[in-house]
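Down below is the structure, laid out as C-alpha cells.
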Amino acid sequence: MAFHSIDWTRPWLATLAARGRRWQSAALDGYPSYLAELNGDATQAALVTGRGKPLAFIAQEELPPGASYEGYIAETGRVPTRHNLHDFFNALMWFTYPRTKAALNSHQADQIDAFGVGPTRGGLRDALTLFDENAVLFPCADPRLADALRRFDWHTLFIDERASWSTRCEARLFGHALLEKLVAPYKACTGHAWIVDVPPEYFAADESTARAMLDESVSMSLLARPIDSRAFAPLPVLGVPGWWPANESPEFYGDATVFRPGRRTRIQC
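Numbering of the sequence shown is given in our numbering, commencing with residue 827 and proceeding in unit increments.
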C-alpha cells in the first residue's frame, strides 16, 4: 500500500490527522522531503530516545552494517526510517507517545547490551516488540470494563456497556504495524490491549492533556517492571463502538471467529 491510501477520516486516526496529513504530503513528494519534514518536527519538539539522545530520522541505508536497530537509536538518537507506511506510523508514534517510545527503546537497548542480538529475542524483547508493533492502549476508569476485556466478555464490553465508551474507557492505537494494517481495515484485525487505569477526569480532559497523561502512565509502568506477552488482552479493533459502521448491529459481535470465547486469568497489565 502507498501513502495515498491513508484515510485520515478513520476514527482511529482522528487525533493523528493534523501532523499525519502534513507528513503524508511530504512523503508523496519523495523520500528526501519526507525525512526533512520529520526532522523539522523533531528539532522543534526536542524529543529524546531511550538514553536521552536528541531524536532524528535518517535513511535506512545509513544504519551501519552489523548495528542493531534499537541499540543504534538509543546510542545516537537517529532512527533509521524507510520510505514506507510501516516506518511512517513508527515515526508518528514517537511524536504521539514520546515517553512510551523512549521507554521501549531503553529496555530494548539494555537487553541488547546484556545479551547481544541472537537468533531469538527472548521473552522480554518479544513482549516489548509486540507492544511496539501491535499494542492498543485501553485507558479505563471502571474495573468492570477492564475485567470484561480480560475475560473476553464482548457482550458486556461492546453491547451492554456501549455507552461507557469515551466516558469510562476508550481505545487508542499505538502499534505501528497495527496502524499499517488498518490502512486497509478487515474485521479480524486484532490488537494487543494494554489496560491503563486512569481517573474519571481523564475522559473530561482535552486531547493534549489526555494524551500526556496516558503517555506518562504507560511509560512509567513499562519502566517499573518487566513485561511479558501474558500482560496483553486481545482486542478486535473494529469492534470499538464508533469505529466501524457494521458494529452498530449487535449481530456483528456474534462472529466467534473474531470475537472468540475464552478466559484469561494471568493478565496483569
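Ideal Cβ positions, reconstructed from N, Cα and C, are used throughout, including at glycine. Just so you know, these numbers come straight off a predicted model, no measurement behind them.
Using the Cα positions of residue i and residue j, report the straight-line distance between them to the nearest angstrom.
i       : j       : result
GLU901  : ASN1073 : 45 Å
LEU854  : PHE941  : 40 Å
LEU911  : ARG847  : 13 Å
ILE884  : ALA871  : 17 Å
ILE1021 : ASP973  : 10 Å
TYR857  : LEU999  : 25 Å
ALA1014 : GLU888  : 37 Å
LEU971  : LEU983  : 6 Å
ARG976  : ASP939  : 34 Å
LYS927  : CYS995  : 22 Å
ALA1019 : PHE964  : 6 Å
Ignore the nearest five residues each way along the sequence and tell me which others in residue i's own chain have a CB closer than 6 Å to its CB.
i       : result
PRO1052 : LEU950
ASP1054 : GLY949, ALA953
TRP980  : TYR1079, PHE1085
SER831  : VAL1009
ALA935  : GLY876, GLU896, GLY897, ALA900
THR993  : PHE1029
Compute the beta-carbon to beta-carbon distance between residue i and residue j, rounded to the nearest angstrom, for a pair I have assumed lies under 8 Å.
i       : j       : result
THR875  : GLY903  : 5 Å
ALA844  : ASN865  : Not quite, the Cβ-Cβ distance comes to about 18 Å (not below 8 Å), so this is no contact.
ALA1082 : PRO1025 : That belief does not hold up - the Cβ atoms of ALA1082 and PRO1025 are roughly 35 Å apart, past 8 Å.
PHE1106 : LEU1005 : In the structure as shown, the chain starts at 827 and stops at 1095, and residue 1106 therefore has no counterpart that could be examined.
GLU985  : PRO891  : Glu is not the amino acid found at residue 985; the sequence shown has Ile there. The pair is not a contact, with the Cβ atoms about 54 Å apart (cut-off 8 Å).
Tell me residue i's beta-bridge partners as DSSP assigns them.
i       : result
PHE883  : VAL905
PHE964  : ILE1021
ALA1059 : ALA1019
VAL1044 : Partner(s): none; VAL1044 has no beta bridge.
Once the 5 residues before and after residue i are set aside, which same chain residues still bring their CB inside 8 Å of it?
i       : result
PRO1011 : ARG836, LEU1064, TRP1070
ALA917  : TRP849, LEU864, PHE883, VAL905, THR907
For residue i, which residues of its own chain have a beta-carbon under 7 Å away from its beta-carbon, when the five flanking residues on both sides are left out?
i       : result
ARG1086 : PHE978
Review point. Do the region 949 to 966 and the region 1045 to 1060 make contact, defined as three or more Cβ pairs closer than 8 Å?
Key: yes
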